Structures are given as C-alpha cells and as structure tokens.
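Asker:
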Amino acid sequence: MIPDSFIQELLARLDIVDVIERYLPLKKAGANFVACCPFHSEKSPSFSVSPSKQFYHCFGCGAHGSAISFVMEYAGLGFVDTVHELAGNLGMPVPQQRPDERLPQADAAPLTELMARAARYYKEQLKASTKAIEYLKARGLTGEIAARFGMGYAPDGWQNLAAIFSDYQRKTLVECGLVIEGEGGKRYDRFRDRIMFPILNQRGNVIGFGGRVIGAGEPKYLNSPETPLFEKGRELYGLTQARAAIREADSVIVVEGYMDVVALAQQNVENAVATLGTATTPEHIHKLTRLASRVVFCFDADTAGEKAAWRALEASLEKVADNKALAFLFLSSQHDPDTFVREFGPTRFREVVAQAGSAMDYLIQKFRTRKDLGTTEGQSRLLHDAKLLLERISAPRLRAQLADAVARLARMTPSSPREAEAMLGLAPIRRSNSPHAINSNATAIYSRKVRPAPSTIERKLLKILISHPLLATRLPSEVLEEGRDGTEALLALSNAVAEGGLTGEGYGVVVEYFRSTPHETLISEVLSELAENEFDEESIEEVFTDTVDRLREAGIRHEIDALNIKNKSAGLAPDEVRRLQQLLTLKKTARPATEA
C-alpha cells in the first residue's frame with residue numbers, strides 16, 4: 210500500500226498543467242488553461258485546468274479531478290500504476306507500507322489491510338490446492354491469467370482465516386465481511402471451498418471478494434456483503450484490469466459473472482467487466498460511459514437474462530447520451546460468454562458483440578411485442594408506460610426519436626419527432642443556464658447537465674471548508690448534528706486538517722485524500738459545484754460566520770421540534786422541560802434562519 214502522506218507529497222510537487230499538457234494541448238485563458246475535453250466529443254473548449262487549485266473540470270460532461278485522476282482516466286491506468294508513473298517522472302521513489310506492519314494493533318488496522326492479508330492467503334492456498342488448480346485448468350485458465358486477476362482459493366473448513374488472524378474474534382473481521390458471526394457469538398469464515406476473485410477499487414485496494422463454488426453447490430457465486438469498503442451498486446469486477454483495453458477499443462462489455470470476465474481476458478478479449486451480484490445501476494452506467502462510447506450488455510437468453518436486460522435499460526435512461534451507444538447481446542441458451550469464447554474463439558465473439566442491437570431498439574421491440582396494441586386500451590397503456598420511461602431520458606435527439614417510434618406504434622402519425630414528444634405529453638428538456646455552456650456552443654452534452662439539488666447548510670459549509678481548509682480549525686463541533694447530510698464529511702475534513710492529513714493546497718489534494726472513502730461521492734459533487742461557482746474571496750470570512758450561525762440555529766430548531774414531538778406522545782422528564790425552555794429562549798435571541 211502507498212502511504213497517504215506520500216500521495217500528499219507527490220501532489221505538492223506536481224503541476225497539473227504540466228501533467229495534462231503531456232496528453233493534450235492547453236491554451237491560456239485568464240488565470241486558467243482550457244482545451245476541448247478529451248472525455249467527450251465537443252467542438253469548443255469547455256475543459257478548464259486551474260493551476261491555483263491543481264484541479265481540472267469540464268463544464269460540459271462534468272469530468273473533474275486531480276493530476277492523478279486525469280492520468281487514470283486518460284491513460285486508463287490504475288491508481289497504483291499512475292502514482293508510480295507520476296512519481297517516476299519526478300524521480301521520487303514510491304514507498305510501500307506493508308499491510309502487516311501495523312497488525313499488532315489489530316483493531317486499529319484499516320479494513321483494507323485485513324482484506325489485503327486475506328487476498329494473499331487465498332492466493333497461497335490456490336497454489337497448494339490440486340483440486341482448485343485442476344478446476345481452473347479445466348475452465349481453460351492459465352496461471353498467468355489467475356495471477357493477473359489475483360485469483361485464489363478459500364479452503365474447505367470453518368475457521369481457516371484464524372491461521373493468519375491470531376485474534377479471530379476481532380470485530381473488524383466481521384465488519385469487512387470476511388467472517389460471519391452466528392448465534393451465540395460463534396464465528397466462521399464466510400468463504401469456504403470456493404475459487405476467490407478479489408474485487409479492487411480504483412486505488413488498487415481489495416475491497417471485497419466473489420467466491421465461486423467448485424462443482425455443485427449453492428449459491429453458485431457468493432459475494433462479500435455491503436461493508437464500509439464495498440458497495441455493490443457502485444463497483445464493477447475487473448474494471449481495474451480492463452481500463453486500458455476499454456480505452457483502446459472505446460467499448461466495454463458487461464457480463465454477468467466473474468468467470469466470464471476472466472475467461473474472456475484469457476482469450477484476449479480484455480475490455481469486459483461484471484456487475485457484482487446485483488442489477489445494473491445508474492452509477493455503473495455513469496462509470497462505463499465515462500470510459501467508452503459504446504457499452505454492450507451481454508446476457509443469457511433466458512427469463513433471468515431478460516429481467517437483467519430490462520433493469521439495465523431502466524438504469525441507463527437518465528445517463529444515456531446522444532453521443533453514447535448502449536447495446537444488448539443475448540447469447541443462445543447453450544452458451545454464456547465463457548463457453549462461447551472457448552468454443553468459437555475471440556474473433557467470433559467480437560463479431561457478435563459488434564452486431565449487438567441497440568438498447569433503444571430493444572425498448573421499442575419490447576413495446577412492439579405487446580399483444581393488445583390493436584385495441585384503444587392497449588394503445589393508451591402503451592403511451593402511459595412509454596411516457597414514464599421517456600421522461601427520464603435527458604438526451605434530446607434520442608428521446609425525440611423514441612417518442613416518434615412509440616407514437617407510431619400507438620397508431621398516431623406525428624409530422625416530426627418533436628410533435629411526437631408533444632403528443633406523448635413530454636415536457637421540453639431543461640437546458641443548462643451555465644454561461645460556460647452558452648459561450649462554448651450549444652452542443653447536446655450541455656442540455657444533459659443536471660442542476661444540483663438545493664444545498665443544505667452542511668453542504669454549503671463543506672464548500673467553504675474545501676475552499677479554505679484552515680477555517681475548519683474554527684468550526685465548533687457542537688453545531689454538527691448527527692445524521693444530517695454532510696455532517697460526517699465535515700467531521701472527516703475537520704479532523705484531516707487538525708491532524709495534518711491535508712498538507713497541500715488546492716482541490717486536487719482534497720480529491721485524493723477522500724478517494725475510496727465513504728465521503729468520496731459527496732466531496733466529488735461539492736468540488737464540481739465549486740468549480741462552476743466559487744466563493745468571493747473578500748466575503749469568505751463573513752460567509753463562514755453566517756453559515757455557522759445558521760447551522761447552530763437550525764440545530765436549535767430541530768432539537769425543539771424533537772422535544773415537542775416527544776412531549777405530545779410520552780411527555781417530558783423534568784430535565785427535558787428545562788432544556789426545552791432553554792432552547793426556546795435561545796431561539797428568541799437568534800435571528801430568523803432561512804435554511805433548514
């Protein structure tokens with residue numbers, strides 16, 4: 210593992226402008242530099258690089274991040290490889306923090322360290338298991354491909370992990386999903402007698418496992434549970450290994466199983482990933498369309514495959530774009546990607562992938578097969594159901610074309626796709642009011658931008674502290690109400706500043722500090738908003754004080770409301786009555802607050 214302190218030092222020595230100029234030409238524009246975005250198609254530059262913030266942001270597609278983020282996205286490298294490349298350019302040796310260096314302090318060890326130890330253990334067990342090796346050979350896999358994906362084997366038995374974790378009772382083993390605690394506190398390994406597939410995050414850390422049973426047994430695949438490290442709806446198996454091939458092909462294949470990904474890679478079809486025992490989510494679609502122009506979902510031609518395809522289609526509606534292609538491939542009932550590529554070879558598999566029908570053709574086909582389209586009632590139901598789906602599409606041209614096809618299925622004759630949208634009662638797609646979008650030509654991508662939700666007080670305060678981290682040292686902890694949007698991220702940011710974890714300056718440092726943490730998504734959203742609407746430097750002190758005051762006032766109101774609700778249902782204890790009176794007095798002396 211690479212120490213966080215080294216990442217901070219690396220970012221302090223990097224100049225994001227120098228890094229990005231190695232990949233695309235930048236043009237000076239005031240205090241910043243601009244270029245046409247390399248992550249989506251456009252004719253006028255909307256990609257901005259800030260030397261002062263050490264941060265890039267595209268006002269079109271929303272791509273943003275640090276120098277490390279850019280190289281990962283542009284070059285298709287994993288986090289570790291990117292850090293080594295950037296550090297090597299500066300002549301900085303990359304230190305390695307062994308995952309077991311802090312293991313005597315068992316419960317203090319980060320969950321990623323425990324997962325790394327388990328992954329190494331499973332790899333060693335694979336080398337020692339004749340049964341597991343023979344199984345993989347029978348599936349056509351070599352030792353090289355197994356090593357590339359870090360595959361392993363969990364032996365049969367109830368407490369094998371006790372061999373590497375001397376304190377098998379530690380709570381963190383349950384927390385990260387390696388161990389299950391049953392009735393009476395009895396513990397046992399989650400994975401037993403299974404081929405193990407480590408799941409990596411974009412920093413290259415193991416965050417979960419998928420285990421495939423050898424031979425007969427249920428479930429066929431067993432996945433890690435949701436943990437502080439692992440959220441199934443956000444992760445994709447094999448993405449770290451496939452990133453470069455996806456970039457090169459400008460296409461990604463989404464399959465259903467871990468073994469499919471590995472088997473395809475064995476046959477040099479390296480741009481495949483798999484969902485992790487869950488339906489395709491909008492977050493999956495967002496990740497994949499950021500990497501490639503074409504996403505092909507490969508499903509089995511059975512009822513389960515049809516259901517999975519429909520869920521993938523629904524998940525894609527809000528993320529689909531006019532310059533992106535989504536397609537569905539249904540293999541015959543006798544084959545999955547693993548067996549198909551072994552029988553027919555990679556060339557034939559690529560051919561059927563290229564011939565896969567578009568997702569929107571699939572949608573129209575599903576509507577076309579309805580049995581009641583010849584009746585007025587059936588046509589009415591079609592229009593109703595189609596409207597609910599089409600309202601979620603923000604790609605203008607695509608939505609208009611689909612509306613036209615649906616209208617004709619319902620025996621209507623629109624004179625144009627736009628008239629078809631009106632016939633279905635679809636409201637016009639809201640276009641961005643961003644001056645950057647207007648000044649850089651009205652390409653379709655701008656109309657797909659979604660305006661952020663109204664900001665909470667905590668979210669506003671988070672923006673202030675990201676812009677001016679030193680203000681975090683003056684943030685009263687008592688104003689942070691547990692459970693409110695952004696509270697945990699505010700505490701994490703304040704602690705990072707107080708403890709010296711955030712040593713550099715600029716948004717890029719914040720991006721990397723919170724990478725692969727539970728706060729990554731919120732921090733990313735806030736940084737994107739800041740890039741488009743920063744605070745006035747001269748008024749930041751006043752804005753900070755005002756926001757803290759409003760946060761304190763909101764806390765008073767919420768506590769009063771909670772006590773009043775309790776008083777109506779169960780009554781208040783004497784100390785609670787006194788507290789309510791105290792809060793009411795405080796409320797009278799506080800100014801009216803406009804935010805909640």
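Residue numbers (this note's numbering): 210 to 805.
Positions of the beta carbon are idealized from the N, C-alpha and C atoms, including for glycine.
Since the structure is predicted, the reported quantities are computational estimates derived from the model, not experimental observations.
Using CA atoms only, rank isn't needed, just tell me which of Phe242, Pro260 and Cys245 is closest to Tyr716.
Answerer: Against the sequence shown, residue 716 aligns to sequence position 507. Looking at the Cα atoms, Pro260 is the closest of the given residues.
Asker: Kindly confirm or deny that the region 535 to 551 and the region 583 to 593 touch, where touching means at least three C-beta pairs closer than 8 angstroms.
Answerer: Not touching, per the Cβ criterion.
Asker: Let me check understanding here. Comparing Cα to Cα, which of Lys777, Arg348, Glu251 and Glu523 lies closest to Val550?
Answerer: As a first step, residue 550 is located in the sequence shown; it is residue number 341 there, counting from the start. Among Lys777, Arg348, Glu251 and Glu523, the Cα nearest to that of Val550 is on Arg348.
Asker: Bridge partners of Glu750, per DSSP?
Answerer: To locate residue 750, count along the sequence shown from 1; it is residue 541. DSSP output for Glu750 lists no bridge partner at all.
Asker: Where Tyr446 and Arg766 are concerned, what is the direct C-alpha to C-alpha distance, given to the nearest angstrom?
Answerer: For the purposes of this step, residue 446 is taken as residue 237 along the sequence shown, with counting starting at 1. For the purposes of this step, residue 766 is taken as residue 557 along the sequence shown, with counting starting at 1. Distance between the alpha carbons of Tyr446 and Arg766 is about 45 angstroms.
Asker: At a cut-off of 7 angstroms, is Leu772 close to the ligand GDP when judged by its beta-carbon and the heavy atoms of the ligand?
Answerer: Among the components modelled here there is no ligand, and therefore nothing to report on the ligand GDP.
Asker: Give the DSSP-derived three-state secondary structure of Tyr467 in the structure shown.
Answerer: In the sequence shown, counting from the first residue as 1, residue 467 sits at position 258. In this structure, Tyr467 counts as helix in the three-state DSSP scheme.
Asker: Within 8 angstroms (strictly less), CB to CB, does Leu598 reach chain B?
Answerer: Absent from the structure: chain B. Only one protein chain is present.
Asker: Find out if the Cβ-Cβ distance for the pair Val719, Leu220 is shorter than 8 angstroms.
Answerer: Stepping through the sequence shown from its first residue, residue 719 is reached at position 510. Stepping through the sequence shown from its first residue, residue 220 is reached at position 11. No, they are not a contact pair.
Asker: What does a CB cutoff of less than 8 angstroms around Ile408 pick up in its chain, not counting 5 residues either side in sequence?
Answerer: Translated into positions along the sequence shown, residue 408 becomes position 199. Correct list, in chain order: Val415, Ile416, Gly417, Phe418, Gly419, Ser433, Phe439, Glu444, Tyr446 and Leu485.
Asker: Starting from Glu743, trace the beta strand (DSSP E) in both directions and tell me its first and last residue.
Answerer: Taking the first residue of the sequence shown as position 1, residue 743 is located at position 534. Segment: none, Glu743 is in no beta strand (DSSP E) and carries neither H nor E.
Asker: How would you label Ala337, buried or exposed, when you count the other beta carbons within 10 angstroms and need 16 or more for buried?
Answerer: As a first step, residue 337 is located in the sequence shown; it is residue number 128 there, counting from the start. Looking at its Cβ environment, which holds fewer than 16 other Cβ atoms inside 10 Å, Ala337 is exposed.
Asker: Do Arg452 and Ala272 count as a contact pair if the criterion is CB distance below 8 angstroms?
Answerer: For this step, residue 272 is matched to residue 63 along the sequence shown. For this step, residue 452 is matched to residue 243 along the sequence shown. Not in contact: Ala272 and Arg452 (Cβ atoms no closer than 8 angstroms).
Asker: Taking Leu739 as the reference, which of Leu674, Lys777, Leu599 and Gly764 has the closest Cα?
Answerer: What you label residue 739 is simply residue 530 of the sequence shown in a count that begins at 1. Here the closest residue by C-alpha is Leu674.
Asker: In or out: Leu597 buried (at least 16 other Cβ within 10 Å) or exposed?
Answerer: Stepping through the sequence shown from its first residue, residue 597 is reached at position 388. Exposed: under 16 other Cβ atoms inside 10 Å.
Asker: Please return the same chain residues whose Cβ sits closer than 6 angstroms to the Cβ of Arg503, not counting the five positions on each side in sequence.
Answerer: Residue mapping note: residue 503 aligns to position 294 of the sequence shown, counting from 1. Taken in chain order, the residues that qualify are Ser460 and Ala534.
Asker: Can you tell me whether Ile216 is buried or exposed, with buried defined as 16 or more other CB within 10 angstroms of its CB?
Answerer: By one-based count along the sequence shown, residue 216 stands at place 7. It counts as buried.
Asker: Let me confirm a value: His728 is counted as buried when at least 16 other C-beta atoms fall within 10 Å, else exposed. Which label applies?
Answerer: Numbered from 1 along the sequence shown, position 519 holds the residue referred to as residue 728. The residue in question, His728, is buried, as its Cβ has 16 or more Cβ neighbours within 10 Å.
Asker: Look at the Cβ atom of Phe248, then the Cβ atom of Glu282, and state whether they are nearer than 8 angstroms.
Answerer: As a position in the sequence shown, residue 248 is number 39, starting the count at 1. As a position in the sequence shown, residue 282 is number 73, starting the count at 1. A contact, by the Cβ cut-off of 8 angstroms.
Asker: Helix or strand or just coil, what does DSSP make of Met281?
Answerer: In the sequence shown, the residue the question calls residue 281 occupies position 72. Note: Met281 maps to helix in three-state DSSP.
Asker: Tell me the DSSP secondary structure of Leu635 in three-state form.
Answerer: Taking the sequence shown and counting its residues from 1, one reaches residue 635 at position 426. In the structure shown, Leu635 sits in coil (DSSP, three-state: anything other than H, G, I, E or B).
Asker: Check each candidate in Pro304, Phe358, Val243 and Ala698 and name the one with the smallest Cα separation from Ser257.
Answerer: Position 48 of the sequence shown, counted from the first residue, corresponds to residue 257. For the residues Pro304, Phe358, Val243 and Ala698, the minimum Cα distance to Ser257 belongs to Val243.
Asker: Distance check for Leu431 and Gly300, CA to CA, integer angstroms please.
Answerer: On the sequence shown, position 91 is the one that residue 300 refers to. On the sequence shown, position 222 is the one that residue 431 refers to. So the two alpha carbons sit approximately 43 angstroms from each other.
Asker: Along the alpha helix (DSSP H) that carries Leu611, what are the first and last residues, could you check?
Answerer: As a first step, residue 611 must be located in the sequence shown, where it is residue number 402. Per DSSP, Leu611 belongs to the alpha helix (DSSP H) from Pro605 to Leu618.
Asker: CB-CB under 6 angstroms to Phe400, same chain, minus the five flanking residues each way: which ones, in chain order?
Answerer: Against the sequence shown, residue 400 aligns to sequence position 191. Taken in chain order, the residues that qualify are Ala363 and Gly420.
Asker: On the three-state DSSP scale, how would you describe Asn642?
Answerer: Here residue 642 refers to the residue found at position 433 when the sequence shown is read from its first residue. Residue placement at Asn642 cannot be trusted, given a pLDDT of 35 that sits under 50; what the coordinates show is reported in the next sentence. Asn642 falls in the coil class under three-state DSSP.
Asker: According to DSSP, is Gly274 part of a helix, a strand, or is it coil?
Answerer: Here residue 274 refers to the residue found at position 65 when the sequence shown is read from its first residue. Strand.
Asker: Would you kindly report the start and end of the unbroken alpha helix (DSSP H) that includes Leu702?
Answerer: Numbered from its first residue, the sequence shown carries residue 702 at position 493. Element bounds for Leu702: Thr696 to Ala707.
Asker: For Pro783, name the three-state secondary structure that DSSP assigns.
Answerer: For the purposes of this step, residue 783 is identified with residue 574 of the sequence shown, where counting begins at 1. It is helical.
Asker: If distances are taken between C-alpha atoms only, which option among Thr682, Lys262 and Gln588 comes closest to Glu708?
Answerer: Position 499 of the sequence shown, counted from the start, is the residue given in the question as residue 708. For Glu708, the nearest C-alpha among the options comes from Thr682.
Asker: Which same chain residues, not among the five before or five after Pro555, have their C-beta less than 6 angstroms away from its C-beta?
Answerer: For the purposes of this step, residue 555 is taken as residue 346 along the sequence shown, with counting starting at 1. So the list reads Gln476, Asn477 and Val478, once near-sequence residues are dropped.
Asker: Contact between the region 370 to 379 and the region 567 to 578 is defined here as three or more beta-carbon pairs at a separation below 8 angstroms; is this criterion met?
Answerer: No, the region 370 to 379 does not touch the region 567 to 578.
Asker: Count the other C-beta atoms from every protein chain shown that fall within 10 angstroms of the C-beta of Tyr562, then say buried if there are 16 or more, exposed otherwise.
Answerer: Residue numbering aside, residue 562 sits at position 353 when the sequence shown is read from its first letter. Just to set this straight, residue 562 is Val in the shown sequence, not Tyr. Per the 10 Å Cβ criterion, buried.
Asker: Assuming contact is defined by CB atoms lying nearer than 8 angstroms, are Ala474 and Ile354 in contact in what I supplied?
Answerer: Residue mapping note: residue 474 aligns to position 265 of the sequence shown, counting from 1. Residue mapping note: residue 354 aligns to position 145 of the sequence shown, counting from 1. Yes, Cβ-Cβ distance for Ala474 and Ile354 is below 8 angstroms.
Asker: Does the beta-carbon distance from Ala629 to Asp613 come in below 8 angstroms?
Answerer: The residue given as residue 629 occupies position 420 in the sequence shown. The residue given as residue 613 occupies position 404 in the sequence shown. Going by C-beta atoms, Ala629 is nearer than 8 angstroms to Asp613.
Asker: Is the Cβ-Cβ distance between Ala341 and Leu335 less than 8 angstroms?
Answerer: Indexing the sequence shown from 1 puts residue 341 at position 132. Indexing the sequence shown from 1 puts residue 335 at position 126. Contact: yes.
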